[in-house]
Amino acid sequence: MKKRALLSVSDKRGIVDFGRVLVDLGFEIISSSGTAKVLRENGIPVIEVSRITGFPEIMGGRVKTLHPKIHGALLAVRDNEEYMKQLEELGIQPIDIVAINLYPFEETVKKGAELDEIIENIDIGGPAMVRASAKNHRFTTIIVDPDDYDFVISELKEKGETSLETRRKLALKAFRHTAFYDSVIASVLNEKFGINEKFPYELSIPVRKRSTLRYGENPHQEGAVYISPVENTGLSVAQSDVLHGKEMSYNNFLDVEAAVNLVKEFDETACVIVKHNNPCGVAVRENQIDAYREALSRDPKSAFGGIVAFNRPVNIETAKALTEIFLEVVIAPDFEEDAFRFLTEKKKNLRVVKIRNFDKEPSGLEYRRISGGLLVQDRDLRLYKEWKVVTDREPSPEEVKDLLFAWKVVKHVKSNSVVIAKDNATVGIGPGQTSRVDSLETAVKKAEEFGFSTKGAVLASEAFFPFRDSVDEAAKHGITAIIQPGGSIRDPQVIEAANEHNIAMVFTGMRHFKH
0 MKKRALLSVS
10 DKRGIVDFGR
20 VLVDLGFEII
30 SSSGTAKVLR
40 ENGIPVIEVS
50 RITGFPEIMG
60 GRVKTLHPKI
70 HGALLAVRDN
80 EEYMKQLEEL
90 GIQPIDIVAI
100 NLYPFEETVK
110 KGAELDEIIE
120 NIDIGGPAMV
130 RASAKNHRFT
140 TIIVDPDDYD
150 FVISELKEKG
160 ETSLETRRKL
170 ALKAFRHTAF
180 YDSVIASVLN
190 EKFGINEKFP
200 YELSIPVRKR
210 STLRYGENPH
220 QEGAVYISPV
230 ENTGLSVAQS
240 DVLHGKEMSY
250 NNFLDVEAAV
260 NLVKEFDETA
270 CVIVKHNNPC
280 GVAVRENQID
290 AYREALSRDP
300 KSAFGGIVAF
310 NRPVNIETAK
320 ALTEIFLEVV
330 IAPDFEEDAF
340 RFLTEKKKNL
350 RVVKIRNFDK
360 EPSGLEYRRI
370 SGGLLVQDRD
380 LRLYKEWKVV
390 TDREPSPEEV
400 KDLLFAWKVV
410 KHVKSNSVVI
420 AKDNATVGIG
430 PGQTSRVDSL
440 ETAVKKAEEF
450 GFSTKGAVLA
460 SEAFFPFRDS
470 VDEAAKHGIT
480 AIIQPGGSIR
490 DPQVIEAANE
500 HNIAMVFTGM
510 RHFKH
């Protein structure tokens with residue numbers, strides 16, 4: 000009795016060569032519809048599924064392989080005498096190799112198809128056959144990826160059959176494939192049906208590996224980057240285009256994410272410099288080169304080996320300045336031709352990164368893995384709930400501009416955080432301290448280290464002041480206006496301290512913790 004292979008694929012890559020080799024190795028080929036047509040056109044003999052089942056395809060092909068003569072052939076446990084006796088009595092011949100990939104649901108969605116067409120491209124029989132074959136992997140080889148044809152063929156030629164280890168690997172890949180397929184369907188229909196359930200009881204997140212990284216956060220950790228096939232219309236750091244330079248690292252991706260999210264806060268021409276996931280210099284200016292020079296001057300020591308982001312295409316003047324120090328990554332919505340040429344000629348290893356859909360917000364939720372589970376939340380896309388002056392003195396128009404600037408920056412600094420700013424540029428940044436007063440002291444030290452005065456500057460705190468001590472300390476350094484969420488039980492004492500020092504204070508009604 001000849002061995003049998005069932006081939007039914009939407010992705011026809013390599014299927015003709017695979018079928019031809021199987022026939023040469025003595026296999027009978029079972030197939031249906033489009034795959035059978037392609038094989039026949041290339042001179043490969045095919046047995047139609049309908050001939051095996053004795054039942055025609057119906058409902059436009061919706062039902063063709065959901066039949067005991069197919070699934071019995073896939074699920075038969077060959078060392079079970081009762082099972083094999085039943086096959087013989089029913090005239091069912093086991094199927095040894097199955098090559099299936101599913102209806103192109105994802106591609107149908109991406110081309111903008113209407114809901115009815117999207118629904119028609121939900122495969123039913125395919126996943127059933129894949130799962131049946133994978134379940135019975137001790138005896139059945141299941142292939143869902145055309146890239147695996149050559150490996151399977153080489154084993155068949157060498158050993159006459161695939162090894163159990165290979166069948167296990169392919170079965171695992173098959174189960175992952177159907178799980179991914181179903182999770183894409185669930186994600187798309189959640190939106191298309193208008194249900195948009197944000198936190199469903201059972202959550203599946205479809206992602207596909209884009210690349211393996213050299214290592215993770217540290218060299219002893221392995222890492223990879225995955226992309227979402229259903230979040231392809233919003234800003235995407237994961238799918239950014241590395242136009243030049245070394246391969247992106249795990250930490251590069253984290254820093255780029257931080258830099259892009261901050262620089263997008265500004266409508267004006269802005270530059271953000273990030274180091275270890277925190278901004279170390281931010282400036283807004285009328286032209287790009289000035290924005291970069293100002294941002295760099297705020298902490299040139301930390302900027303060395305840093306990440307620089309712009310919200311405008313990089314021009315030649317800025318490109319020349321960027322090559323004056325060592326940088327890891329330069330990010331922008333685009334690069335002017337002469338600027339790109341200059342950067343690539345002068346800096347062989349500099350990563351030049353163009354962010355996809357820069358003008359849009361990132362879609363989807365934020366996920367953070369914890370031991371044994373997952374934290375899920377909305378992205379922090381809002382800036383403030385209100386703009387409420389709570390002190391006797393109103394901030395001046397110049398202070399209002401700087402307060403808004405500082406508030407945009409502090410939103411993206413690791414908590415506890417304080418940002419001191421003046422003239423649309425950071426003066427000092429104090430990130431990640433366990434005490435808010437310590438954050439303020441760090442920001443002041445940074446300002447003093449690089450020769451910037453805090454006198455007449457403003458201060459932003461991403462969360463409320465639990466005590467008046469930070470206000471008293473700010474007054475010592477000449478801070479004239481403060482922006483913070485408010486909401487502490489000691490707000491009255493904090494406001495009183497501001498009034499005592501003639502400091503204008505604004506409450507936003509919205510905090511921006513960042514852990």
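Sequential numbering of the sequence shown, starting at 0, is according to numbering that gives the first Met the number 0.
Using N, Cα and C, we set each Cβ at its ideal position, and we do this for glycine too.
A quick note: this is a predicted structure, and the numbers were derived from the prediction, not measured.
Inter-residue distance for Val-388 and Phe-506 is about 6 angstroms (C-alpha atoms, whole angstroms). Between the alpha carbons of Val-271 and Ser-414 lies a gap of roughly 18 angstroms. Between Ala-446 and Gln-483, the C-beta gap is not smaller than 9 angstroms, which leaves the two residues out of contact. Its chain contains Thr-268, Cys-270, Phe-309, Arg-311, Val-313, Asn-314, Glu-316 and Thr-317 as the residues whose beta carbon lies nearer than 8 angstroms to that of Gln-287, once the 5 sequence neighbours on both sides are disregarded; these appear in chain order. Every unbroken stretch of the beta strand (DSSP E) spanning 3 or more residues and falling wholly within the region 431-490 is given here in chain order: 457-460 and 480-483. In the assembly as shown, Leu-171 is an exposed residue. Its beta-carbon has fewer than 16 other beta-carbons within 10 Å. Cβ neighbours of Gly-305 within its own chain (closer than 7 angstroms, five residues either side excluded): Ile-272, Val-273, Lys-274, Cys-279, Leu-326 and Glu-327. Here Met-247 is buried. Its C-beta has 16 or more other C-beta atoms within 10 Å. In this structure, Val-436 sits away from Thr-453, with a CB-CB distance that is not shorter than 9 angstroms. If you check the CB distance, Ser-239 and Arg-355 come in under 9 angstroms. Residue state for Gly-18 is assigned as helix, using DSSP reduced to three classes. With a cutoff of 9 angstroms on beta-carbon distance, Leu-261 and Val-352 are scored as not near each other. Following the DSSP letters along the chain, one finds Val-48 inside the alpha helix (DSSP H) bounded by residues 48-52.
Runs of the beta strand (DSSP E) lying entirely within the region 351-430, each at least 3 residues long, are 365-369, 372-376, 417-421 and 424-429 in chain order.
In this structure the region 88-96 lies against the region 128-147, because at least three pairs of beta carbons, one per stretch, are closer than 8 angstroms. Per the C-alpha coordinates, the member of Arg-19, Ser-30, Val-20 and Thr-211 positioned closest to Ser-9 is Ser-30. Here Glu-335 carries a coil assignment [DSSP, helix/strand/coil]. Rounded to whole angstroms, the separation of the alpha carbons of Leu-86 and Ser-235 is 52 angstroms. Rounded to whole angstroms, Val-255 and Gly-233 show a C-alpha spacing of 16 angstroms. In the DSSP assignment, Lys-156 falls within the unbroken alpha helix (DSSP H) covering 148-158. In chain order, Arg-209, Ser-210, Leu-212, Ala-237 and Phe-252 place their CB closer than 7 angstroms to the CB of Val-224, counting only its own chain and leaving out the 5 sequence neighbours on each side. Below 8 angstroms, enough C-beta pairs join the region 13-28 and the region 149-161 to call them touching: three or more. When the beta-carbon positions are compared, Thr-64 and Gly-125 come within less than 9 angstroms of each other. Burial state of Leu-163 is exposed, judged by a 10 Å Cβ sphere holding fewer than 16 other Cβ atoms. By DSSP's assignment, Cys-279 forms no beta bridge with any residue. Residue Thr-34 holds the alpha-carbon nearest to the alpha-carbon of Gly-42 among Thr-34, Val-417 and Ser-49.
Taking a C-beta distance under 9 angstroms as the contact criterion, Glu-472 and Glu-499 do not qualify as a contact pair. Using a Cβ distance threshold of 9 angstroms, Val-418 and Ser-469 do not count as a contacting pair. A Cβ-Cβ separation of about 38 angstroms leaves Arg-378 out of contact with Asn-501 under the 8 angstroms criterion. Between the beta-carbon of Val-129 and that of His-176 there is about 7 angstroms, and that keeps the pair under the 8 angstroms contact cut. In its chain, beyond the 5 residues on either side, Ser-452, Thr-453, Lys-454, Gly-455 and Ala-456 have a beta carbon closer than 8 angstroms to the beta carbon of Gly-477. Contact annotation: Asp-122 and Tyr-148 have beta-carbon atoms that are not nearer than 9 angstroms. The secondary-structure analysis by DSSP pairs Asp-289 with nothing; it has no beta-bridge partner.
Non-local beta-carbon contacts of Lys-319 in its own chain, meaning distances under 8 angstroms to residues more than five positions away in sequence, involve Phe-341 in chain order. Looking at the DSSP output, Ile-315 bridges to nothing.
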